[in-house]
Structure formats: C-alpha cells, structure tokens
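Going by the working numbering, the first residue of the sequence shown is number 70, and it counts up by one from there. Virtual Cβ for every residue (Gly too), placed ideally from N, Cα, C. Bear in mind that the values here come from a model prediction, so they are computed numbers and not experimental data. Read through the structure below, which is laid out as structure tokens, and then see the notes.
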Amino acid sequence: MGNLISSILNGLDDLFTSDEERLKAEAKLTEILTKHDTSSQRINEADAKGNWFQSSWRPLLAYICVFSFIYNLVQPLFGLPKHDLTSATEMLYYLLGYASLRSFEKIKGVVK
Numbered sequence: 070m071g072n073l074i075s076s077i078l079n080g081l082d083d084l085f086t087s088d089e090e091r092l093k094a095e096a097k098l099t100e101i102l103t104k105h106d107t108s109s110q111r112i113n114e115a116d117a118k119g120n121w122f123q124s125s126w127r128p129l130l131a132y133i134c135v136f137s138f139i140y141n142l143v144q145p146l147f148g149l150p151k152h153d154l155t156s157a158t159e160m161l162y163y164l165l166g167y168a169s170l171r172s173f174e175k176i177k178g179v180v181k
C-alpha cells in the first residue's frame, strides 16, 4: 500500500506547494486506502462464510438431471407423460464442463 501512495503522490507533486500539504494529502490517501482494504476484507469474509445454496446448487442440479433420466426410463412402464430430456442433458453437460474446469484450476494451483 505504501508503494501505491508514493506512486500517486509522485504524480501529484506539482499540485502541492508545501510539505505540509503533501503530508496531509498522504494521510488522507492512506486513510481512504485503509478503509477500502477494510471494506474489501469484510466482503471477502462474508463471501467465505457462504450459505446452504452457495454450496448445494451443483448437487441439486445433478439430482434434478438424474431424476429426469430415471423418469425417462420408467415413464413407458407406467404410461406416464413423455418428458423431453434436451434441457436436462444440456444442464448436465454444463455441470460436467464447469466441474472439469474447476478441477483444472485446482490442479494448476489457481484456486485452493
């Protein structure tokens, strides 16, 4: 953060006529950046806590796909209405693609 403040102040040196003004601007800039870092940290903490839906949406969609496939297998036996599997199949492909990309990111060390 110190390098950022120094870089900004070096670019603004022409605006300050005294060291006192420069020090005030540096203090204000430090305060603003500290508040920003604190806010970002709070957001990250809240996001890390998560909730039920955040951790369960992929398994829930997988269960829906499996239910659709099973329904499609047993519907002729019981005379149930026919069900189009196009959207369920697409959803399953999206989930498999997403899971494989997440696995690739973990292998490469992009995410923990």
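By the 10 Å Cβ neighbour count, where 16 or more other Cβ atoms means buried, how is Ala157 classified, buried or exposed?
For Ala157, the number of other beta carbons within 10 angstroms of its own is at least 16, and it is reported as buried.
DSSP three-state label for Leu149, please.
DSSP places Leu149 outside both helix and strand once states are collapsed to three, so it counts as coil.
I think Leu154 touches Ser137, with their Cβ atoms under 8 Å apart; what is that distance to the nearest whole Å?
Indeed, because the Cβ distance is near 6 Å, the residues count as touching under 8 Å.
Excluding sequence positions up to five away, which residues of its chain have a Cβ less than 6 Å from the Cβ of Asn141?
Around Asn141: His152, Leu154.
Considering only the alpha carbon of each residue, which of Thr103, Pro128, Ala117 lies closest to Leu164?
Closest option to Leu164, Cα to Cα, is Pro128.
As assigned by DSSP and simplified to three states, the class of Gly119
In the structure shown, the three-state DSSP call for Gly119 is coil.
Tell me the rounded alpha-carbon separation between Ser108 and Glu159.
Straight-line spacing of the CA atoms in Ser108 and Glu159 works out to 39 Å.
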